[in-house]
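I have placed the structure first, in the form of structure tokens, so that the comments after it can refer back to it.
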Amino acid sequence: MTTYDTGGKWYHGSPLRLGVLLAGSTISQKRDLARIFSHKPSIVLIDDNAHIAHNGTAPGYLYEIAEPVMPEDVKPHPRTTMPPGDEWIISRPLMVVLLSETTPDPAEALTPEEQKRLRALKIT
Numbered sequence: 007m008t009t010y011d012t013g014g015k016w017y018h019g020s021p022l023r024l025g026v027l028l029a030g031s032t033i034s035q036k037r038d039l040a041r042i043f044s045h046k047p048s049i050v051l052i053d054d055n056a057h058i059a060h061n062g063t064a065p066g067y068l069y070e071i072a073e074p075v076m077p078e079d080v081k082p083h084p085r086t087t088m089p090p091g092d093e094w095i096i097s098r099p100l101m102v103v104l105l106s107e108t109t110p111d112p113a114e115a116l117t118p119e120e121q122k123r124l125r126a127l128k129i130t
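Everything in the sequence shown is counted per this note's numbering, starting at 7 for the first residue and increasing by one.
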């Protein structure tokens, strides 16, 4: 069974301004991963040193979940390609608070060659 930090903070990244997340949305306890998803990437790569690279280009928003997340509120993402416990699906609407606006960091960008190689491997 995948576990999470029951006292930990939860985050969501989106290109949209939000006040509430709908059931079925994805949350993570990894702030940087949520921030990356605010850029709408189609490819996210996490290396063995936990460095994240991606192909997202959109500016976005990083949110923190503004209420307690109970065990019945989350389940592991069924189609994730991330390590176990990185992505969770919520089963009910959750209030969020805006932490920051986000812009893609060029140092995290996958090159076109890297994207082509990853697509050929079908690990995206």
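Positions of the beta carbon are idealized from the N, C-alpha and C atoms, including for glycine. These figures come from a predicted structure and were not determined experimentally.
**Request:** Please classify residue 130: does DSSP put it in a helix, a strand, or coil?
**Result:** Stepping through the sequence shown from its first residue, residue 130 is reached at position 124. With a pLDDT of 46 at residue 130, under the threshold of 50, the modelled position of this residue cannot be trusted; read the value that follows with caution. Coil.
**Request:** Compare the Cα-Cα distances from residue 40 to each of 97, 121, 65 and report the closest residue.
**Result:** As a first step, residue 40 is located in the sequence shown; it is residue number 34 there, counting from the start. For residue 40, the nearest C-alpha among the options comes from 65.
**Cβ contact (3+ pairs, closer than 8 Å) linking the region 21-41 and the region 62-79** = yes
**Backbone CA spacing between residue 43 and residue 77 [nearest angstrom]** = As a first step, residue 43 is located in the sequence shown; it is residue number 37 there, counting from the start. As a first step, residue 77 is located in the sequence shown; it is residue number 71 there, counting from the start. Looking at the two C-alpha atoms, the distance is approximately 23 Å.
**Message:** If distances are taken between C-alpha atoms only, which option among 120, 99, 97, 92 comes closest to residue 38?
**Reply:** In the sequence shown, counting from the first residue as 1, residue 38 sits at position 32. Selected option, being the one with the closest Cα: 92.
**Request:** Report the option in 18, 9, 46 whose CA atom is closest to the CA atom of residue 99.
**Result:** Taking the sequence shown and counting its residues from 1, the one referred to as residue 99 is at position 93. Of the listed residues, the one whose Cα sits closest to residue 99 is 18.
**Item:** residue 58, enclosing beta strand (DSSP E) - first and last residue
**Value:** Position 52 of the sequence shown, counted from the first residue, corresponds to residue 58. It spans 58-60 - the beta strand (DSSP E) in which residue 58 sits, taken as one unbroken run.
**Message:** Rounded to whole angstroms, what is the Cα-Cα separation between residue 32 and residue 110?
**Reply:** The residue you call residue 32 lines up with position 26 of the sequence shown. The residue you call residue 110 lines up with position 104 of the sequence shown. The straight-line gap from Cα to Cα measures roughly 20 Å.
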